[in-house]
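Enquirer: Structure provided below as structure tokens; questions to follow.
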Amino acid sequence: MINLELLAFVAAILAGGFGALLGVGGGLMIVPLLTVVLGIDVHVAIAVSLLGVIAVSTTASASYLTSGFADRRLGLSLLVATVIGGIFGGFVAGFIDARVLSILFAVVLVAVAVQMLRSRRTQVAELIDEPGRLEYDWSYVEPSTGEHVAYRARNLGPATAVSLVAGALSGLLGIGGGVVNVPTMNVLMGIPIRVATTTSTYMLGATAAASAVLYFSRGQIDPLLAGPVVVGVFIGARVGARLSHRVPRQALSVMFVAVALVFAAGMLLRAWSPT
Amino acid sequence: MTDRPQVAWTARILTAGTALSALLLGVAFVLSVFDLDGQATLLSTIAVTILLATPAAGLLSTFVELRRAQPTAAVIALAVLALLFAATLVALLTRA
Numbered sequence: 003m004i005n006l007e008l009l010a011f012v013a014a015i016l017a018g019g020f021g022a023l024l025g026v027g028g029g030l031m032i033v034p035l036l037t038v039v040l041g042i043d044v045h046v047a048i049a050v051s052l053l054g055v056i057a058v059s060t061t062a063s064a065s066y067l068t069s070g071f072a073d074r075r076l077g078l079s080l081l082v083a084t085v086i087g088g089i090f091g092g093f094v095a096g097f098i099d100a101r102v103l104s105i106l107f108a109v110v111l112v113a114v115a116v117q118m119l120r121s122r123r124t125q126v127a128e129l130i131d132e133p134g135r136l137e138y139d140w141s142y143v144e145p146s147t148g149e150h151v152a153y154r155a156r157n158l159g160p161a162t163a164v165s166l167v168a169g170a171l172s173g174l175l176g177i178g179g180g181v182v183n184v185p186t187m188n189v190l191m192g193i194p195i196r197v198a199t200t201t202s203t204y205m206l207g208a209t210a211a212a213s214a215v216l217y218f219s220r221g222q223i224d225p226l227l228a229g230p231v232v233v234g235v236f237i238g239a240r241v242g243a244r245l246s247h248r249v250p251r252q253a254l255s256v257m258f259v260a261v262a263l264v265f266a267a268g269m270l271l272r273a274w275s276p277t
Numbered sequence: 123m124t125d126r127p128q129v130a131w132t133a134r135i136l137t138a139g140t141a142l143s144a145l146l147l148g149v150a151f152v153l154s155v156f157d158l159d160g161q162a163t164l165l166s167t168i169a170v171t172i173l174l175a176t177p178a179a180g181l182l183s184t185f186v187e188l189r190r191a192q193p194t195a196a197v198i199a200l201a202v203l204a205l206l207f208a209a210t211l212v213a214l215l216t217r218a
């Protein structure tokens, strides 16, 4: 008989790889894979997914901080909101029925699939005036061109409010929150997409840790499942990041939409099926 | 705009914490495959604790690195750290 941990390991490699290829993180894929395919309780799946998010985020952050892509000041400012949201989400998840969580997860999967189909990116505005009271200017060196790109962080107030929701979703569903953080920073704040994605990754570790401790205290982190999932997501994310420049993004997006819709249907079926 | 604060210690701490945790989880996974569940559970629990503490350790080193170059950001790092402690406290108080 094939061991459940081995199956979880394979599922985590696939989820981590796919998540890294599309920049949506492993959580969006690992939770439905563990619940729909392997029949693991949704609370346990969310808890181990959060551990995977921490592992991938902290490793990538080290590299992004060194390269200067991640804007630590921006990340810390938004982290206050995402961590508060993460604590709320992690706490509330303890009182929510597994069926309701499955339905919520299905809704988020569909929303992300729709967002992927109509993805929008904002160009960086030119800096001609002085930054306002809650704004600041920063810059990074774009590796593809060697160009020094200056940008201004704007709309910190509204972005903080959205980050609160991103943190709550992360704690509630075990997803990274990048699907909310990246468009918020890029479209709402005018942050270049490279800085937005790397800063979001920097924020995910602390956000996930804030809610993961709550799952840990409730005994919902299965130690025997944590190993294969964390190591698997970690390996998958590294392979996915390496392959991301070689695989056509358009085809991947279409594949993601198809898989996300199948998983959403699976989560809904699970929610309505008798236990 | 060009005054870049240090990041070396934060990067090292984040890498070391995750690497140690992943190593222990990897060993625990191998032990579980060989049905040594008791040892695997103990090792995994230690690894999970290290993993959960890694972002907090990173925030502490961020505070140290930023306190001169970006004092406001350093204070925010401390605030986030305080929130993580609050989360731990809530977790301990509502423990199953």
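Chains G and W, in that order, give the protein sequences. When you line the first sequence up against our numbering, it's residues 3 to 277, in that order. When you line the second sequence up against our numbering, it's residues 123 to 218, in that order. Even for Gly, the Cβ is constructed at its ideal location relative to N, Cα and C.
List the endpoints of the continuous alpha helix (DSSP H) containing G:Val131.
Expert: For clarity, residue 131 of chain G is Asp in the given sequence; the question names Val instead. Counting along the chain, G:Asp131 falls outside any alpha helix (DSSP H), and DSSP gives it neither H nor E.
Enquirer: From the DSSP output, in three-state form, read off G:Val26 for me.
Expert: coil
Enquirer: Could you pull out every residue in the same chain whose Cβ sits closer than 7 angstroms to the Cβ of G:Arg272, ignoring the five residues on either side in sequence?
Expert: Thr37, Val38, Ser104
Enquirer: Only counting the same chain, and skipping five residues up and downstream in sequence, which positions put a Cβ closer than 8 angstroms to that of G:Thr60?
Expert: Excluding sequence neighbours, G:Thr60 sits near Gly207.
Enquirer: Pull up the distance between the alpha-carbon of G:Ala267 and that of G:Ala95, whole angstroms please.
Expert: 21 angstroms
Enquirer: Roughly how far, in whole angstroms, is the beta-carbon of G:Gly91 from the beta-carbon of G:Gly173, given that I think they are within contact range, below 8 angstroms?
Expert: 3 angstroms
Enquirer: Applying the criterion that 16 or more other CB atoms from any shown protein chain within 10 Å of the CB defines a buried residue, is G:Pro160 buried or exposed?
Expert: exposed
Enquirer: Taking 8 angstroms as the CB-CB cut-off, is W:Arg189 touching chain G?
Expert: no
Enquirer: Kindly say whether G:Phe90, judged by its beta-carbon, lies nearer than 8 angstroms to any beta-carbon of chain W.
Expert: no
Enquirer: Would you say G:Thr61 reaches chain W, if we count a Cβ-Cβ gap shorter than 8 angstroms as a contact?
Expert: yes
Enquirer: What residue range is occupied by the uninterrupted alpha helix (DSSP H) comprising G:Ala1?
Expert: Nothing about residue 1 of chain G can be reported from this structure: the residues present for chain G run from 3 to 277 only.
Enquirer: Under the DSSP definition of a beta bridge, which residues are partnered with G:Thr143?
Expert: The displayed chain sequence assigns Val, not Thr, to residue 143 of chain G. G:Val143 is bridged to G:His150.
Enquirer: Going by the CB atoms, is the gap between G:Leu67 and W:Ala133 shorter than 8 angstroms?
Expert: yes
Enquirer: Please state whether DSSP places G:Met3 in a helix, a strand or coil.
Expert: Note that G:Met3 scores 44 on pLDDT, short of 50, meaning its location in the model is unreliable; the coordinates nonetheless yield the value given after this. It is coil, neither helix nor strand.
Enquirer: Skipping 5 residues on each side, what residues in its chain have a beta carbon closer than 8 angstroms to that of G:Glu7?
Expert: Short of 8 angstroms from the beta carbon of G:Glu7, and not among the five residues preceding or following it, lie these beta carbons of its own chain, in chain order: Leu226, Leu227, Gly229, Pro230.
Enquirer: Between W:Val170 and the rest of its own chain, which residues show a CB-CB distance below 7 angstroms, the 5 nearest in sequence each way excluded?
Expert: A distance below 7 angstroms between beta-carbons, with the five flanking residues on each side excluded, links W:Val170 to no residue of its chain.
Enquirer: Shortest alpha-carbon distance to W:Ile135 belongs to which of W:Ser183, W:Val197, W:Ala191, W:Pro193?
Expert: W:Ser183
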